[in-house]
Ligand SMILES: [Zn+2]
């Protein structure tokens, strides 16, 4: 695992295995998700992989009625909006992800600060599976 480059490709590869992996700077402990090969705080390239536990809380969100084609293909539209959020993980990093298990037609019921846990959504067929990160209320 240590030999994998700290790239988007590695990140997605880990998502396929239902692992949420970030990179941690060995010099100053800064944490990056998705992973970065070079620390933007101290410019060190000494990074190590760190698996996130996948628990956090909702930091911000928006409900989207008109999404990109791949979301429309999943059945989301004006009548069936979906929720995108920024989740602050227990490890202290923030990540954008789809929030499921909430009613995007009733955004007033979605609360900033609500505890969430990670889910891995596998989409596509044999050989072309892509995994998307989502979070669900606990
Ligand atoms: Zn650093």
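Residue numbers (my numbering): 76 to 213. By construction, the Cβ of each residue, glycine as well, lies at the ideal position given by its N, Cα and C atoms. Values in this document were obtained by computation on a predicted structure and should not be read as measured data.
- Remark: three or more beta-carbon pairs, one from each stretch, lie closer than 8 Å, so the region 119-137 and the region 156-167 are flagged as touching.
- Going by DSSP, residue 85 is part of the alpha helix (DSSP H) stretching over 83-91.
- For residue 107, same chain residues with a beta-carbon under 6 Å away, outside a window of 5 residues either side, are 97, 98 in chain order.
- In the three-state scheme derived from DSSP, where H, G and I count as helix and E and B as strand, residue 151 is classed as coil.
- Under the criterion of beta carbons closer than 8 Å, residue 209 and residue 194 qualify as touching, at roughly 5 Å.
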